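All remarks here apply to the structure that follows.
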Amino acid sequence: MNPDLDLRLQHARALTRRQFLKTSQAGLGGIALSGLLGKARAGAASPSARTPDSPMAPRPPHFAPKAKRVIYLSMSGGPPQQDLFDYKPELIKHNLQPCPDFLLKNQRFAFIKGHPKMLGTPHKFAKRGESGAWVSDILPHFHTVVDHTSIIRSMHTDQFNHAPAELFLYTGSSRNGGASMGSWITYGLGSENQDLPGFVVLISGGTDPTGGKALWSTGFLPSVYQGVQCRTVGDPILYVSNPKGMDRDARRRSLDALRRLNEAELSEFGDPETLTRISQYELAFRMQMAVPDVMDIRQEPESMLDLYGAKPGAASFANNCLLARRLVERGVRFVQLFDWGWDLHGTSKGNDIVYGLPDKCKDIDQPIAGLLKDLHQRGLLEETLVIWGGEFGRTSMNEARDGSTWLGRDHHPHCFTIWMAGGGIKPGVQLGATDELGYQIAESPVTVHDLQATILHLLGFDAERFDFPYQGLRQRLIGVEGDGHVRKELLA
Amino acid sequence: MSRIVAFTLALILCGVVPAPAADIPATAAVPAPPSAHGQGQGKKVDFNREIRPILAKNCYACHGSDEGTRAKGLRLDLREAAITPLKDGDAAIVPGSPDDSSLIARITEEDETLRMPPRKAGNRLSKSEVALLERWIEQGAKYEQHWAFVPPKKLPLPVVRNGSWPRFGLDRWILARLEAEGLKPSSEAEPHVLLRRVSLDLRGLPPTPDEIKRFTEDKAPGAYERAVDRFLDDPAYGERWARIWLDLARYADSAGYGSDPLRPNIWRYRDWVIAAFNQNMPYDRFTIEQIAGDLIPDANNSTRTATAFHRNTMTNTEGGTDDEEWRDAAVKDRTDTTVQVWMGLTMGCAKCHTHKYDPITHEDYYRFYAIFNQTADRDLPDESPLLSFSTPEIDEKVKKINAEIASLKKMMEGIPRDTPERKALGKKVADLEKSKPVVSNIPVMVELPREQRRVTHILKKGNFRDTADVVQPGTPKSLHPLPPGSEANRLAVAKWLVDRKNPLTARVAVNRVWAQLFGAGLVETEEDFGTQGEPPSHPELLDWLAVTFMDRGWDMKGLIREVVTSSTYRQSSSYTPDSPGDREIDPRNRLLSRMPRYRLEAEMVRDQALALSGLLSNKVGGPSVFPPQPEGLWQAAFNGQRTWTTSEGADKHRRGIYTFWRRTVPYPSMAVFDAPSREICAIKRIRTNTPLQAFVTLNDPVYVEAAQALARRLVREGGKTPEDRVKFGLALCLCRPPRNEQVTPLVNLYQSELARYRQDVPAATALATDPLGPIPDGMDPADLAAWTTVANILLNLDGVLTKG
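Protein sequences appear in the order of chains A and B.
If you use my numbering, the first sequence corresponds to residues 11 to 502, in order.
If you use my numbering, the second sequence corresponds to residues 751 to 1554, in order.
Dropping the structure here:
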C-alpha cells in the first residue's frame, strides 16, 4: 500500500477507537452536550485541509468574514409588506377605491383581473424601538427586537410566480439546475461540526416550499453540499435510526466487522475511495448520536421553550427556530427554515389579511423574537447572520379573485421587504423606500443579486470571484452574467 | 508525518481563495501527449491544447465573437482580426515578434490598473501562461480550428511494442499512449471479477451463482465473449442502458414546479427507451424517432411515443402563471437539451447573447429554437396534445356509454328541474360518466398546422417578452448545413444531427458509452465538447471509435460489445501490486493502465441488494411503482398529490428504473446516491461518498428487508456451519472466492449477535422479520437475527458497493 494511504488509515483507526471509547464512557445516553460543543468550537479554531474523506473541513473565505453562519427564515408564499413593515398612510386613505390607471399600465398579474381596488392595511402601525422603524401591531414581539435588525423596504425581483421566484432568490437563477445559497456557502466554508450536516433545512406549515427540493439543491456543486432536511416528526434525518431490534452496541459491533473487511479490501486493491468509505461509515455512526441529540429540544429548560413558544413533538416554526439556534451553536454553517402559508390571496378567511395574516404572524412572531434574544444572550448573534423574508411582495390592490369578499393581495415582484440581523449587519438601518402607494420603489432599489452579494460579503466572499467551473462557464450565486453589489449601507 | 509538516501542508492546502473541492479534477487532467514532452524551450506550441484555453478563459469574454460585449474593437478569437492593426496602429499579435505584439505588452504591463485581463474579470495570467503565449507568437501565432468542430477521421493504427496485448484497434491506441509514457497495462482481471464487472455494466445486476458457474466451467475459447452475448441478450440490458438515457431525457413521472402534478402514463416513453435498447435500434434511428417520430413517413404510435422525449420538459401549473412564459421555457429547454445530449455543447448562454467561446451566435440560438417553436403544446395543465392509448374495446365501450348518456339527457330535457325523476336521471348520467374506462395517454410532440405556425423572434437577454428581429428556422451557421431541399423542421434537424458531416454526434455518443464503462469519458467533460471543455485524453481513439460507430450503422450493442471485450476493459482494477500506473505520471489513471474502480450508481445499489437477497422482480416495463418510502415526504403545495400508496407484492421489489420519480421529491435513497431530480437534462452524475449513503444501505427498510431475505438465503442455501454460510454469503455478494481474513470477522459477528439475541427474543424477532414477514418454519429468531446482522454488513461491503 502506498505510504500516504497507510498513514491515513492508521489515523482513521486511531480516531475511530478514540471516538468509540469516548462514547462508551459517556454512556449510551449520548455524548455530553459540552463534549459536542467543545468539539465544534475546537474545530473552528483549526481550519484543516480538505481531502476526499473530509469535504466539510472548514476553510477560510476570500477575506475576514463578519458572519460565520447563517439562519435564513424563508417565508414561503410572499408576506404582504404593506401589512407588516411598509407603512403606507396614503394607501390606507385610498382603501377600496379604484386603482389609478397608471398603476395597471403594462403590468402582468398572476390573478388580478379587470380593474382592482386599492387595499390599505387594516392593521395599526407605530414607530418601534430606538431606530423608530414603522412596524405593524400584529408583530408585537418583533417590537422588542427591532433594534437588532436592519430593514430593507426596497427589495425587488423579476419573478412573480412562487417556484421561479424562490429559485431566483435561493439559487441565483429562476430555472432549475443552479446551486443553492446554502450549498455555495457550505462549499466555500465547510462546516465547523463534522458530526452534523453543514447545511440543514427545516420545514413548517405542513407543506414544502413551492420550489421543492431544488431550493436546497447542490446543483452542479458536489452533492455533499446539498441541504439536508431534518424533521421533527419521524427520523430526524432519513434512515438515521438503526433497524428495529438492533441497538447501538450491536451497530458498533457490526460496523467493526465491516471496517475490518473494508480494511482488507483496502490492502488488496489500494483504492483510496475505500478509505473514504471507511471514514464515512464512522461519521454515520457519530451522526446517529449527534443528530437525534441536537434535534431533541426536550433538553432545553422550560424557560427556553417558553421564550420561543416551542412545544416538543410538534412540527412548528417555533420548534424550528429553537433548533436553528441549537444547530448553529454546534457549528452548522447554514440553517434554512421554510414556513408555508404566506400566500395571502384573500380567497378564504384562512388566507386573507384581516384574519389569516394575524394567525400566520402568531406562528412566527414570538419564535423569531426569542431566537434573536437567545442568540444575542449567548453572544452568537454577532457572528450569526439572520435573514427574514419571502420570495416576492404583494400588491397594493385587493385581489378579489372570483368576487371573493375576503381581503387579500396578489403576487408583486416590484417591491418587498426583508430584514437582516447580526453577523456584521449594522442594527437599526432602514434601507430604501417605496412610493406612497407602496407599489414601486422610490429610493435605493436592492436586487436579488445585491442581496446575495451582500450575504456572501458578510461571510467573507467576493461574489464576483466566488465561482465554480461548470459547462464551460464560471457559475456563481449571482449568476454567470449577473452583477450583485454589496450594499454597504447595511454593513456594521 | 511530523506535526509541523502536517500543519504546513494544511496551510498550503487551505489556500486563501477557496480552491475547488477535493473531488474536482485538478487542471492538469491528462499527461501531455508524448509529442510535447521533453523537447526543451523551442518545442512546438499546440494552439488547441495550450493557447486556446488561455485565450478563451481570459480574453474572449471581451475580445471574442460576441459583438455586444467586444471591447476596443479587438477580437482575439480570429487570427485575421488579431493580427490586424487597430485604430491606434498597434496590432495585438505580430506573428513572429512577441515584443511588437501589444497583447504581450498588455498582459505584462507593470501598472496594475492597465494590465490585462482586468482584475474584475477574475484570474491574472501566470508567468508560464505568458511564456507560452510569447513562444506561440514567436512560432508564428498559428490558429487551429477547435478539434471538436473538425469531423472525426480514422487515422492508421499506431505501432506498439507489445503486439500481443491488443485485441482491437482501440487497445492499440490505449497501449501506444501507455508505452509512450513508459507505462504498462495491468494484467487481466480474475475471471469472476471480470464477470461481475461486465454483468453490472451491461445489465446493472450482478451475475447469479449459476451464471458464475457456467462461465467458470466454460473452458473453450471465447467463453467470455459468450457470456457478454448472453448479457447483451438479457432484457435487463435495456433497463440498464435506458437508465442512462432517461437522465438525459429528464424523464420523470411528474410535471415539476409547485404542486408537481403526476404524469401517470409517461412510463410508456420509458418503456419505449428500454425496448429500443433491447432491440438494438441503431442510434441514428433512435435519434430520429425521438426528435421527429411524428414527422417521419412511417410514423406510428411507437414513434410518436418516442417524441415524448421532448415532452419531458416541465409544465408550470402553478396558479396565475403566464402560459406563454413557460411554453417559451420549455422550448428553450428542448433547444438546449438537443444540443447538449447529441452534440455535447452548451447553448444556454447564447439565449442572451452570442456565445463567448464557441461559434454559436445569439441569432443561431433563436434559429435553432425556431425549429422547436412549432409544436402545439403550450404549457396547459392538461398537457395536451396527448397520444391516446385506447383499444377498440375501450372505444366501443366509451361509444356505448356516450350514446346512453345522450339518450338520458334527451329524456331529461322534458322534465322540470328539482323533480325526483330528473334528479334520478341526473344521477344515472353521473354514474355512467364515472363508469367510462380511463384511457391512458401521454404528452407528445405535434406540429402546428401550417397556418398556425409561430413567428420566432430573437429574444433580448432571453426575455420572452422582449422581442427583436424575426429569424427563420435553421442550424448554427458555423456548422454543416441542413440536408439540401428539406424544410427546416425537427425532422431535418434530427437528420442533421446524425449526418456523417456532423462533427460531434458520433463522438459524443461513443464518449458517453466509454464514460459509463470506464467511469469517465475520453472527453472528461461529457457535458462540454466546446472550447471550454477538457480536450480528449486520447483524441485519435475517440475519432477511431466515432467513425467505426458510424461505419457500422450506429450499432450500439456492437460498440458496447467491442469495448467490453477489449484488453483495455479486461484489465485488473487493483492499485497494487502489479499496476505500474505510476502515480506521478498519471495519478488519475486517465491513460488506463488499470481498470478504474468506482461506486455503483443509485439504481444499481438498489437492484443489486434486491438481486442478492433473491427479492428482485424481473418484470420488464409497465406503470411506475411505489416501493416503501418514509411517510409524509410528499408535502406538495397547492393541493398537489400527497399520497404515496406503497406498492404491494412483486411491485415492491422492482428495479430502480421503475420507481415513481417525482421531480420535487425524488425517491430519497436514490437521491442520496446522486440520482438527479430530472427537472432538467443531467449529462453526468457526480459520484459522492457520504454518511447519508451509509444510512440508506444500513437502515432504510428496503435494505433491511433485503438483509433479512439474504439472511434466510444464507441459512437455506449456505450450508450447515457458520463458516460455510459466511463463505457462501461472501462469494454470493462479492462474486469472488472468499478469503479467511474476510470470513473470521463475520463469523465472530454472527456468534456475538447470536448470543445477544438469544437473550432478547422480541428484539431478534423484530430484526429478522420487520418488514419482511414471519419467521419461516424451522428457523430460529435469534439465529435469523444474527444472520440478518451479517447480511446487513455483506450488503454494505466496499467491494459490494463498488465495481472493481
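The C-beta atom is built at its ideal place from N, Cα and C for all residues, glycine as well.
In this text, all values refer to a predicted model and were calculated from it rather than measured experimentally.
Each of B:Asn1546, B:Pro1521, B:Ala1432, B:Asp1010 was checked against the Cα of glycine 188 of chain A, and the nearest Cα belongs to B:Ala1432.
In this structure, arginine 287 of chain A places its C-beta atom within 8 Å of the C-beta atom of asparagine 272 of chain A. The beta carbon of lysine 1211 of chain B lies closer than 7 Å to those of Cys1102 in the same chain, with the five residues before and after it left out. Taking 7 Å as the upper bound on Cβ-Cβ separation, chain A lies near residues Asp1450, Val1454 of the stretch 1450-1478 of chain B. Contacts with chain B (Cβ-Cβ distance below 7 Å) from the stretch 284-299 of chain A involve Thr284, Thr286, Arg287, Gln290, Tyr291, Leu293, Ala294, Met297, listed in chain order. Below 8 Å, too few C-beta pairs join the stretch 1192-1202 of chain B and the stretch 1107-1118 of chain B to call them touching: fewer than three. For aspartate 303 of chain A, the enclosing alpha helix (DSSP H) begins and ends at 282-305.
In chain order, Ala120, Asn171 make up the part of chain A whose C-beta sits under 8 Å from the C-beta of threonine 1071 of chain B.
In the assembly as shown, lysine 223 of chain A is a buried residue. Its beta-carbon has 16 or more other beta-carbons within 10 Å.
In this model, leucine 883 of chain B and arginine 829 of chain B are separated by some 14 Å (Cα to Cα).
When DSSP states are grouped into helix, strand and coil, lysine 137 of chain A belongs to the strand group.
When C-alpha distances from serine 1397 of chain B are compared across B:Val880, B:Pro1378, B:Arg1413, B:Arg1405, the shortest belongs to B:Pro1378. In this structure, the beta-carbon distance from asparagine 1066 of chain B to proline 253 of chain A does not fall below 8 Å. Around the beta-carbon of glutamine 1321 of chain B, 16 or more other beta-carbon atoms lie within 10 Å, marking it buried. Straight-line spacing of the CA atoms in serine 227 of chain A and proline 845 of chain B works out to 49 Å. Annotation note: the stretch 78-143 of chain A contains the following uninterrupted alpha helix (DSSP H) runs of length 4 or greater, listed N- to C-terminal: 91-94, 99-103, 111-114. Put simply, of A:Val234, A:Leu417, A:Val211 the residue whose alpha carbon is nearest the alpha carbon of serine 64 of chain A is A:Val234. Here DSSP, grouped into helix, strand and coil, assigns valine 211 of chain A to strand. Around the beta carbon of aspartate 259 of chain A, fewer than 16 other beta carbons sit within 10 angstroms, so the residue counts as exposed. Per the coordinates, the alpha-carbon of aspartate 1034 of chain B lies some 30 Å from the alpha-carbon of glycine 972 of chain B. Within chain B, no C-beta atom comes nearer than 8 Å to that of arginine 262 of chain A; the closest sits roughly 11 Å away. Judged by their CB atoms, lysine 436 of chain A and leucine 501 of chain A are nearer to each other than the 8 Å cut-off.
It is roughly 20 Å from the alpha-carbon of proline 985 of chain B to the alpha-carbon of serine 1363 of chain B. Residue pairing from DSSP leaves threonine 1315 of chain B without any beta-bridge partner. The CB of serine 251 of chain A comes closer than 7 Å to the CB of Asn1449 in chain B, given here in chain order.
Between leucine 1383 of chain B and valine 238 of chain A, the gap from beta carbon to beta carbon reaches 8 Å or more. Here the C-alpha atom of glycine 323 of chain A lies approximately 14 Å from the C-alpha atom of aspartate 303 of chain A.
Beta bridge pairing from DSSP links arginine 1349 of chain B with B:Thr1552.
Here the stretch 1255-1271 of chain B lies against the stretch 1080-1099 of chain B, with 3 or more beta-carbon pairs under 8 Å apart. Under the Cβ distance rule, lysine 1553 of chain B does not count among the residues neighbouring chain A, no pair being separated by less than 8 Å. Within the stretch 191-208 of chain A, the residues whose Cβ lies closer than 7 Å to any Cβ of chain B are, in chain order, Tyr197, Gly198.
As the crow flies, the alpha-carbon of valine 496 of chain A is around 43 Å from that of glutamate 1133 of chain B. With a threshold of 8 Å between beta carbons, serine 233 of chain A makes contact with chain B. Scanning its chain for C-beta atoms nearer than 8 Å, with the 5 sequence neighbours on each side dropped, one finds around aspartate 1127 of chain B the residues Arg1061, Arg1077, Ala1080, Glu1133, Ser1134, Pro1135, Pro1193, Met1195, Val1196, in chain order.
Counting C-beta pairs closer than 8 Å gives fewer than three between the stretch 1117-1124 of chain B and the stretch 1272-1291 of chain B, which falls short of the contact rule. Listed along chain A are Gln481, each with a C-beta nearer than 7 Å to that of glutamate 1277 of chain B.
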